[in-house]
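To start, the structure itself, in C-alpha cells.
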Amino acid sequence: MSYVAGKELRIVGFLCNWCSYGGADTAGVGRFKQPTDLRIIRVPCSGRVNPLFVVKALLNGADGVLVSGCHPRDCHYSDGNFYARRRLEMLKRLLPFLGIDERRFHYTWVSASEGARWKNVVTDFTKAIHELGPFHQKEEKTE
Amino acid sequence: MRVGVFICHCGNNIAGTVDVAKVAEAARMMPGVAFATTYMYTCSEPGQEEIKEAIKREKLDRVVVAACSPRMHELTFRRTVEKAGLNRYFFEMANIREHCSWVGEDKELNTNKAIETIKLAVEKAKQNKSLVASRFKINKRVLVIGGGVAGMQAALDCADGGLDVVLVEKSPSVGGMMARLDKTFPTVDCSICILGPKMVDVSQHEKINLYAYSEIEEIKGYVGNYQIKIRKKATYVDWSKCTGCGACIEKCPSRKAYDYFNFGVAPARAINIPFPQAIPKKAKIDAQFCRQFIKGKCGVCAKFCPVGAINYEMQDEIVTEDVGAIIVASGYGLIDLDKLPEYGGGRYPDVISGIQYERILNASGPTSGHIERPSDQAEPKTIVFVSCAGSRDKSIGIPYCSNFCCMYIAKQAILTKDHIPDSQSYVFYMDIRATGKGYDEFTRRAQEEYGAKYIRGRVSRIYPKGKKMVVKGADTLLGTTVEIEADLVVLATAVTATPDARMLAEKLHISYDQNGFYVESHPKLRPVETNTSGVFLAGACQGPKDIPASVGQGSAAAAKVLSIFSKDTLESDPQIARVNTNVCVGCRKCIGTCPFGAIEEQQLRDGRIVANVIETVCAGCGICNSTCPCGAIQLQHFTDNQLLAEVNALCLT
C-alpha cells in the first residue's frame, strides 16, 4: 500500500465533473482544510459510476468509497444522478452480502458552489472510515 | 508507451505544501513514465514551450500535467500537446492544487497524495485513445429569456449583429424591474425615459420576435440545435385585435385586483395594461379577479371593446421555436414583508418596500407621483429608510448583500426632498456600499445637499403610535438607542432569486447556488457563461446587480453568442458514447436510459439489431455505459478500462 501507513486509509472518490468535482475545486480555492486520505477520480456524471467500480475498489484494497454528484434535479445531464441514486442505493444494500460493511460506501450530492459542504463531506466520511479501521487489515498482517 | 509528467510549482501554491522535487522523482519511477520534470508555472508560455520541446526531444506519446484543476487549464494543455503533434486526448491532468496542496496541511501527506494523483493520471493516460472531433451545423437563432433591461440589451445586440432573436417575457410587457423605477442613480435620470426607447426598439426590430406573457415550457437539444416549447399564457384578449385603447379598463367593475406592476400599492382592475409605456401595449385579464371567471357572468369588457378583442374562451397555446443558443436574463425577486415580523411583517400600511415607494414616486404610478402615505393619503414629513431589510441576515437565509439598495435609498432620499422640501429623511444603514463610478459622491450628496440623516445601526422594531410609526433602532456610532416617529417607513427589502428560478434552471440544465442564483462558469474569467455550452447568463439572475452591470452582462452574453455563431459549424466533443456492434446484443436498455434520446436502433447487414449513438445528440454523460449489461457501449475518454485503470492504480499497488 502506498498511502502513508498509520496516518491515512485508502479512500477512493468518484466525483461528477459538473458539480462535485467543481465543489471540491471550490473548497480548494477557499482553502477549506480536509484530511488527505481521499483520492479523486473524475467522471462526467454520477450516472456514469458503475456500481461494480465501487465493489472493485473495495475488494481490491480501498477502505472506503465515496460517490458524489449533482443535487437531484440539478444534474447537468438532466437525469444522471437519479440513475446513480437508484443504483447506488441498491449497492449499499447489497454490500453486506459481499462481506463489506455498508458504511464503507457513501454517496452524496455536492454542488459546484458548496465548497464548505464538500469539506464537511470529506471530513465526516474520512472520520467514519477511520473509526471502522482498515478493511484489509488481515491481508496486510500476513504480507 | 512514453509518458511525460510535468509538475507545476504554481509559484508557492503547490510547491509551498508539496515537495515537488520528490514528486518528480517518484513519477520517474512509475511504469511507462519516460520523463518527469518540475516547472515554476507550467501554464506560462515558456512552460508550455517546455512541454512541446520535451514531447519532441523525449519522443513522448502521452503527457500528464500535475497542476491545478482540469476545469481551469485542461483546454490550455490539450492545445499545447496538439501543437506538438499529439492527439489532444493523449493528455491528462492531475489536480494537485485544488484537491491537494490547498486543502492538506501536512507536507508529507500532501506530497504522497500528489504522487498518487499523478499515478492515477498516468495510468489513465496510458489507456487513452486518439479521438477526433467532427463538425456539425448550427442554427443561428438565439432565445433570450427575460425582457428586462439585461435581456433587452442582449436581444438588441444579437439582433443588430444579424441574428434572429426569440425574446420570451413572462409578464405582459417588457421592461422588467427597470420600467418600475422612477429615477436612476447616480444621474437621477428618468428611468422609463432611457428605457422606453430600448423597449420600442425591441418591439420594432425586424429580427426580434417577442413573446410577451409567455413562459418556457420545455427545452430540448444542445448547443447549436435547441428545440424550445413556449407557453403563451391565455390573456383572454386577442392581441392581434387589441389596440390598447383602454376602454375595457375604464369600464371593468372588478376594481380590487392585485396590481403586479405596482407591487400592490393600489388596486388594479381585473383587465389591465400594466403601465402607459407597456410594450406590447395590450390588455390582459387576470382571471382570478375577473367576475366573468369567478361568478360566470359580467362580460362588461367584451361589451365595451370597440374591436371585439375579448375572448373568455382563450386557452394557453404552445409554440415551438428552434434556436442555437440561449441567453438567460430572468431577473430577480424581492422578499415579502411577512419575512420581516420585527418590521411589521406587512401588517402596517405605512411600512412599505423600496420598490413600492419607487412606484409612489413615479409620475405614472398610482399616486401620479405625489408622495402620499398608503394609510390616509397624507403627505409624509418624516420618512425613515431601513437598509438591509433582510439582506446580510443569516437568520432568514439571506447571507449576501443585495448590491444596489444603498444607492436607491440615497436616490429616494434625494427625490423625497425634491418632492417635499420640508420633509426630513432618516436612513438606518449597516454600511454604505457605494462602490460604482460616482456612487460615493451621490450618497454624500444625499446627506450634505439634501440633508438626509444617516444613522449607522439596525432597526429592532417598528410599531404604530397614533398616526405615526415608531422606528426603534440603535445608533452604533453614538452608542445610543434612537426612536423616530415617522410618517412613512421604507424598507430596502432583500433581493432574491425569482420564485421559479430553480425550475427554469432544471429545464436549462444549468446550476444554481444555495440562494437560487445561477452559477457562472468561472466567477472571474467566465462570468456570463454557464457550464452548459450554448447557455449564457445576463443580469440579476446570476446575482443582485444594478443597471449598468446588467446592461454590461447583456451585451457580454450577446457577444458570446455572436462569437459562437460567427462560424457555420461547431466542433462536436468526441467524448461521446460509441457502440461496439460486435458485442451489442440489442437489448435496448441504453435507449431507455439515455436522457437525450441520442441512441437509436440500427439494423446491421446480417439482420442483427444493435444500438447506434447519434453523434451530435449525445452529451457524453455515460449513463448508457453503466447501464449496458455487456459493456458494448463505451463513453469515449471515460471507458470502463480507463476508469478501472484509475481504480487499480489506487487500490492494487
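Listed in order, the protein sequences are those of chains A and B. Quick note: the first sequence uses this note's numbering, first residue -11, plus one each step. Quick note: the second sequence uses this note's numbering, first residue 10, plus one each step. We treat Cβ as the ideally placed atom computed from N, Cα and C, and that holds for glycine. Just so you know, these numbers come straight off a predicted model, no measurement behind them.
For B:Ala163, the enclosing alpha helix (DSSP H) covers residues 158 to 169.
Not flagged as an interface residue toward chain A: B:Lys216, since no C-beta distance is shorter than 8 Å. Annotation: Cβ neighbours of B:Asp115 in chain A (cutoff 9 Å, chain order): Val(-8), Lys(-5), Thr24. Taking 8 Å as the cut-off, the beta carbon of B:Val183 is found closer than this to the beta carbon of B:Leu219. In the DSSP assignment, B:Arg453 falls outside any beta strand (DSSP E) and within the unbroken alpha helix (DSSP H) covering 448 to 457. According to DSSP, B:Glu351 shares a beta bridge with no other residue. Within 7 Å of the CB of B:Arg87, no CB atom of chain A is found; the nearest one sits about 15 Å away. Under the 8 Å criterion on CB atoms, A:Arg19 is classed as interfacial with respect to chain B. Sequence-distant partners of B:Gly552 (beyond 5 residues in either direction) whose C-beta falls short of 6 Å from its own C-beta, in its chain, are Phe526. Residue-level contact by beta carbon fails for A:Pro122 and chain B, as no gap is shorter than 8 Å. In this structure B:Val560 is in contact with B:Val158, their Cβ atoms being roughly 6 Å apart against a cut-off of 8 Å. When Cβ-Cβ separations below 8 Å define contact, B:Ala628 makes contact with chain A. For B:Leu486, the secondary structure class from DSSP, reduced to helix, strand or coil, is coil. Of the residues assessed, B:Met10 falls on the exposed side of the cut-off, its CB having fewer than 16 other CB atoms within 10 angstroms.
If you check each beta-carbon in the segment 85 to 110 of chain B against every beta-carbon of chain A, the ones closer than 8 Å belong to Asn104, Arg106, Glu107, His108, Cys109.
For B:Val468, the secondary structure class from DSSP, reduced to helix, strand or coil, is strand. Chain A places no beta carbon closer than 8 Å to that of B:Thr444, leaving this residue out of the contacts. Within the model, the alpha-carbon separation for B:Asp509 versus A:Leu120 is close to 44 Å.
C-alpha of B:Cys251 to C-alpha of B:Gly317: approximately 8 Å in a straight line. Against chain B, the CB of A:Ile29 has a partner CB under 8 Å away; the residue lies at that interface. Here the alpha carbons of B:Ala163 and B:Ala568 stand approximately 8 Å from one another. In the three-state reduction of the DSSP assignment, B:Ile556 falls in the helix class.
Within the model, the alpha-carbon separation for B:Phe413 versus B:Phe437 is close to 15 Å. Within the segment 303 to 390 of chain B, the runs of beta strand (DSSP E) at least 3 residues long that lie entirely inside it are, in chain order, 326 to 332, 334 to 337, 341 to 343, 360 to 362. A contact between stretches requires three or more CB pairs, one per stretch, nearer than 8 Å, and the segment 40 to 49 of chain B fails this requirement with the segment 78 to 93 of chain B.
Pairing A:Tyr71 with A:Leu79, the inter-Cα distance amounts to about 12 Å.
When Cβ pairs closer than 8 Å are counted between the two stretches, the segment 255 to 263 of chain B is seen not to touch the segment 186 to 194 of chain B, the count staying below three.
For the pair B:Phe545 and B:Glu538, the Cα-to-Cα distance works out to about 5 Å.
One thing to note: A:Pro32 has its Cβ within 8 Å of the Cβ of B:Gly631.
Our two residues, B:Arg453 and B:Thr425, have alpha carbons roughly 16 Å apart in a direct line. In this structure, the straight-line span from the alpha carbon of B:Pro583 to that of B:Ser143 is close to 7 Å. Only Cys58, Arg61, Asp62, Cys63, His64, Tyr65, Ser66, Asp67, Gly68, Tyr71 from the segment 57 to 73 of chain A bring a Cβ to less than 8 Å from some Cβ of chain B. DSSP, reduced to helix, strand and coil, places A:Trp97 within a strand of the structure shown. At a cut-off of 8 Å between beta carbons, B:Glu655 contacts chain A.
For B:Ala35, there is no enclosing beta strand (DSSP E); the residue is found in the alpha helix (DSSP H) stretching over 29 to 37. Taking the Cα of B:Arg401 as reference, the smallest distance to any Cα among B:Ser411, B:Val395, B:Phe394, B:Ile392 is reached at B:Ser411.
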